[in-house]
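Asks:
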Amino acid sequence: MKSFSIPSAEGITIEFWLRQKKNNEPLPLLVIKSDNQLLYKIQEGAGFFNYYHYTHHQKGELTLSYDEDRAEISLFYYYDKTNVYHQGVIYLIDNGTGLQCYPKSKLKEWYTQETFRPQLHFSPFQAWMNDPNGLCKIDDTYHMFYQFNPNSTEWGPMHWGHAISNDLISWTHLPVFNHPEHPLASLGATGGAFSGTTFINNEGEAEIFYTERLPAYDLYKDYIEVQKKAAIDRYGIKATHIQTILEKKIELVGCDIRDPKVWFDSETQCYRMILGSVYDGNPSVLQFVSRDSEEWAFENVLYTAPGYFAENKGRCVECPDFFQLGAKWVLTIGIVGYQEPETKRHNLLYAIIGTFDNGVFTAESEMQVLDFATEYYALQTFKDGQRQVGIAWLFNWAMKKPIKSSYNGEMSIPKEIFINANNKVAMRPVNELEKYVDEYCDVKLKAGEDHCINKGKSLRIRLEQGLQPNEDLILAGDKGEWLAISYRDGYVSIEETVVSEAQYRARAAEIKNLEIIFDAGIVELFINDGEICATKRSYKLSHCKQLKVNTLREKNIRIETLHTSW
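Numbering (full-length UniProt numbering), first residue to last: 1 to 566.
1. When you compare each of 44, 56, 79 and 293 to residue 66 by their alpha carbons, which one comes out closest?
2. Which residues share a DSSP beta bridge with residue 324?
3. Give the DSSP-derived three-state secondary structure of residue 311 in the structure shown.
4. Assign residue 326 to buried or exposed, taking buried as 16 or more other Cβ atoms, counted over all protein chains shown, within 10 Å of its Cβ.
5. Is residue 552 buried or exposed, if buried means 16 or more other CB atoms sit within 10 Å of its CB?
6. What number of angstroms, rounded off, separates the C-alpha of residue 397 from the C-alpha of residue 250?
7. Under a Cβ-count criterion, where at least 16 other Cβ atoms within 10 Å of its own Cβ denotes burial, should residue 442 be classed as buried or exposed?
8. Please report the straight-line C-alpha distance between residue 456 and residue 310, rounded to a whole angstrom.
9. Should residue 464 go down as buried or exposed, given a rule of 16 or more other Cβ atoms within 10 Å for buried?
10. What do you get for residue 388, buried or exposed, if any count of 16 or more other CB atoms within 10 angstroms of its CB means buried?
11. Which stretch, first to last residue, makes up the beta strand (DSSP E) that contains residue 146?
12. Are the beta-carbon atoms belonging to residue 256 and residue 285 less than 9 Å from one another?
13. If you reduce the DSSP assignment to three classes, tell me which class residue 89 lands in.
14. With DSSP as the reference, label residue 430 as helix, strand or coil.
15. Just to confirm my understanding: we take residue 137, look at its own chain, exclude 5 residues before and 5 after, and list those with CB closer than 6 Å. What are they?
16. Taking residue 559 as the reference, which of 445, 9 and 479 has the closest Cα?
17. Within the continuous alpha helix (DSSP H) that includes residue 467, where are the two ends?
18. Does residue 51 come out as helix, strand or coil in the three-state DSSP assignment?
19. Could you say if the region 131 to 151 and the region 160 to 179 meet the contact criterion of at least three C-beta pairs nearer than 8 Å?
20. Around the C-beta of residue 219, are 16 or more other C-beta atoms found within 10 angstroms, so that it is buried, or is it exposed?
21. Given residue 267, which residues of its chain have a CB within under 8 Å of its CB, disregarding the five upstream and five downstream residues?
22. Report yes if the C-beta of residue 522 is less than 8 Å from at least one heavy atom of the ligand SAH; otherwise report no.
23. Does the beta-carbon of residue 452 have 16 or more other beta-carbons within 10 angstroms, so that it is buried, or is it exposed?
24. Are the beta-carbon atoms of residue 48 and residue 185 separated by less than 9 Å?
25. Please report how far the alpha carbon of residue 54 lies from the alpha carbon of residue 13, in whole angstroms.
26. Using only the alpha-carbon positions, how far apart do residue 103 and residue 46 sit?
27. Excluding the 5 residues flanking residue 506 on each side, which residues of the same chain have their C-beta closer than 6 Å to its C-beta?
28. If you measure between the beta carbons of residue 399 and residue 123, is that distance less than 9 Å?
29. Quick check: the region 110 to 121 against the region 6 to 20, are at least 3 beta-carbon pairs closer than 8 Å?
30. Where does residue 234 land, buried or exposed, given buried means 16+ other C-beta within 10 angstroms?
31. On the DSSP bridge assignment, give the partners of residue 533 in chain order.
32. Between which two residues does the beta strand (DSSP E) carrying residue 440 extend?
33. Could you say which of 294, 342, 274 and 170 lies nearest to residue 321 if we only look at CA atoms?
34. Nearest to residue 563 by alpha carbon, out of 486, 203, 458 and 534?
35. Thinking C-alpha only, which one of 361, 71, 96 and 269 is nearest residue 30?
36. Going by C-alpha to C-alpha distance, which of 474, 524 and 537 sits closest to residue 500?
Written out as structure tokens, the structure is:
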């Protein structure tokens, strides 16, 4: 038996997911005691992970013991709900000899153990993470919920993870916020609490809207998705008052209808909700209206993607967002299943600029690819004062993470989203990133020269002169690995050590300036003040040791070293 003690444990809540590996003894799998008094035990478990929780209501030390030979725990943490916003959850890890504690003060130690673990891009402590959900600011605190599978580093039954921040860069882990409605593991099914958003009502209260995929046995067809609404409990850590608000099937709509975005339309005095879906065979965005945010009616198809998407296996719209920037409205969408025939890219994220009047969206621009390297998906934005801030899931299903990692999934650097003078949706890192700069140096590089970088795990690189045609900027490691940004024949492209079938490129009439954020193999690229952006994840280049340019003229480059957010 392995044991762990928590001193002064009154009010502590313990949460964990446990499964039984074998049962050849009549002894319990796990016990919780205080002063040798038995308070809680798991006598038998299932062959799959089940969720358990215990809250201690007595004074004194608490001792937890479990049989590591007969039981496996996937995620294990405890917290005091009265100060969890300050302290965060405290994780427990089986290190082979016992249970090791990771409070907030020791997270830097945990987050620097893996070579490719980023230091400024949010990632879960353990397990699988995908789409950002429910991004919002309540009082002075930013909230990020996210799709989460606590029991594996692969996608599975969906929960909502939860983290908070004061600056959008440094995050505090909170307890798992929401769970699947059904016991999916025991049913042998997939599904759960899928993506959604947070709406702050006139009383300043947060209302959560999300999709629940009911138990499903096929990932691509014949499932049922319903829309739900929830509140946040008084401690700000758990979903409560969950109710189904939309489940009626709509004519000509397939089984894909998910990822609600909700807002209040002051002009028509009604709530509006959009959902990613497929309508009459084409990926579409559907719009619903409500007077009370609980009873919803289908209003119209807000947007339908051009026919070539369905012709090239585009199944449906996912993770739509819709927001106002000045006098214009911006719709952002992903189209699952679609692969661009010319470049072989998939998981592209698109933006359309237009007007919105009395429930009708009129597109005024072509579909704009927001990120040409495709590892920037499920973008979600929220209003933060005078700016629109967005975070995306930094992942491409074609990119496999190295085995034996404790986690899978990362978020992009938060970005401010705006419409520029060229009527394009542009993005730039939020200003809060500036306070993570440790030091900087200005270097001049000529053709064939390189600059050695001592601290190359997290960097910000700026070229105010940009690139001329037939020039390259190369980030290199010390074992032959590299990543290059090239400007050829009117295209900017990203290439790396591992050759890809897909071509990651974008048209560029000129490259006036260029900025790179590099973080343990993550490259986020901003060209022409963010009009052209790209996000690429490398599992070859963990540290940038050298910076090289292929150029005909001297380049002035600023290199900033960034410190960890943990």
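Cβ coordinates follow ideal geometry from the N, Cα and C atoms, glycine included.
All values reported here derive from a predicted model rather than from experimental measurement.
Replies: Concretely, from the data shown:
1. 44
2. 329
3. When DSSP states are grouped into helix, strand and coil, residue 311 belongs to the helix group.
4. exposed
5. exposed
6. 30 Å
7. By the 16-neighbour rule on beta-carbons within 10 angstroms, residue 442 is exposed.
8. 43 Å
9. If you draw a 10 Å sphere on the C-beta of residue 464, you find fewer than 16 other C-beta atoms in it, and that means exposed.
10. buried
11. Judged by DSSP secondary structure, residue 146 falls within the beta strand (DSSP E) whose first and last residues are 141 to 149.
12. no
13. coil
14. coil
15. 384
16. 445
17. Residue 467 -> no alpha helix (DSSP H), and no H or E assigned at all.
18. strand
19. yes
20. So residue 219 ends up on the exposed side.
21. 358
22. Looking at this structure, you won't find the ligand SAH or any other ligand, since it has none at all.
23. Only exposed fits residue 452, as fewer than 16 other CB atoms lie within 10 angstroms of its CB.
24. yes
25. Taking the straight line joining both Cα atoms gives about 6 Å.
26. Their backbone Cα atoms lie some 29 Å apart in a straight line.
27. So the list reads 372, 492 and 532, once near-sequence residues are dropped.
28. no
29. no
30. exposed
31. DSSP output for residue 533 lists 526 as bridge partner(s).
32. 437 to 445
33. Measuring from the Cα of residue 321, the nearest candidate turns out to be 274.
34. 458
35. Comparing Cα-Cα distances from residue 30 to each of 361, 71, 96 and 269, the minimum goes to 71.
36. Here the closest residue by C-alpha is 537.
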